[in-house]
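This report refers to the structure that appears directly beneath it.
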Amino acid sequence: MNLKKILTIALVSGTLMTGTIACKSKISDADLKAKVETAVQANPGITVDVKDGVVTLNGTANSEDEKVQIENAAKAADSKAVKSVQNNIVVNTMPPVEINTNDADLTSKVAEFTKDFPSVKTAVADGVITVTGELEQARVQALKMGLDALNPKKVDMSGLTVK
Numbered sequence: 001m002n003l004k005k006i007l008t009i010a011l012v013s014g015t016l017m018t019g020t021i022a023c024k025s026k027i028s029d030a031d032l033k034a035k036v037e038t039a040v041q042a043n044p045g046i047t048v049d050v051k052d053g054v055v056t057l058n059g060t061a062n063s064e065d066e067k068v069q070i071e072n073a074a075k076a077a078d079s080k081a082v083k084s085v086q087n088n089i090v091v092n093t094m095p096p097v098e099i100n101t102n103d104a105d106l107t108s109k110v111a112e113f114t115k116d117f118p119s120v121k122t123a124v125a126d127g128v129i130t131v132t133g134e135l136e137q138a139r140v141q142a143l144k145m146g147l148d149a150l151n152p153k154k155v156d157m158s159g160l161t162v163k
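Residue 94 in full-length UniProt numbering sits at position 94 of the sequence shown, with consecutive numbering throughout.
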């Protein structure tokens, strides 16, 4: 009877030990998120969320290839812990607007545009257009839109008096 108890205890202990070794500890979502964020850190603007091992990527990429590379980096961060990747990254379709910082070029374009606004005076410095003078309310929006279309760093209309 004593041998029977010892064998039973040994069998139960062996089963528990085998089960414990076979079940690896699961990585937490917070730890997995940190791993994925490190893997995609070369792409600023990408945010990572993790819930139950499912990684969700948000942000923007410059091309479809870049989007796929980011997703692959997220999967490779911990291929065992990442169950799946939900890739919500949006590919930028418009090229970035080039800001005109050439003051001479900008000044000539501003002068050409503002010919139709004789009561308005402009100055250009470091890519910033400063507007002064007086203008009717109905024409302010047209002036602002036209100056913005010249792609300056900024259009400062704080010195403009609106009638």
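Idealized CB from N, CA, C, for every residue including glycine.
Using the Cβ count rule (16 or more neighbours within 10 Å means buried), how would you classify residue i?
i: V124; result: buried
i: P152; result: buried
i: K109; result: buried
i: A104; result: exposed
i: K35; result: buried
i: A77; result: buried
i: T114; result: buried
i: A39; result: buried
i: I99; result: exposed
i: L147; result: buried
Look at the Cβ atom of residue i, then the Cβ atom of residue j, and state whether they are nearer than 9 Å.
i: N58; j: E71; result: no
i: V140; j: V162; result: yes
i: V55; j: A74; result: yes
i: L143; j: L150; result: no
i: G53; j: A30; result: no
i: K154; j: V128; result: yes
i: L160; j: G133; result: yes
Could you pull out every residue in the same chain whose Cβ sits closer than 7 Å to the Cβ of residue i, ignoring the five residues on either side in sequence?
i: K67; result: A61, N87, I89 and V91
Bridge partners of residue i, per DSSP?
i: D156; result: T130
i: G59; result: I89
i: L135; result: V162
i: D116; result: DSSP lists no partner for D116.
Pick helix, strand or coil for residue i, following the three-state DSSP scheme.
i: Q86; result: strand
i: A123; result: strand
i: V68; result: helix
i: D31; result: helix
i: K51; result: strand
Apart from the five residues just before and just after residue i, which ones in its own chain have a Cβ nearer than 8 Å to its Cβ?
i: G45; result: G59 and T60
i: A111; result: T122
Say the cut is 8 Å; is the CB of residue i nearer than that to a heavy atom of the ligand PLP?
i: T60; result: This structure lacks the ligand PLP; in fact it carries no ligand of any kind.
Excluding the five sequence neighbours on either side, which residues of its own chain have a C-beta within less than 6 Å of the C-beta of residue i, listed in chain order?
i: M157; result: V131
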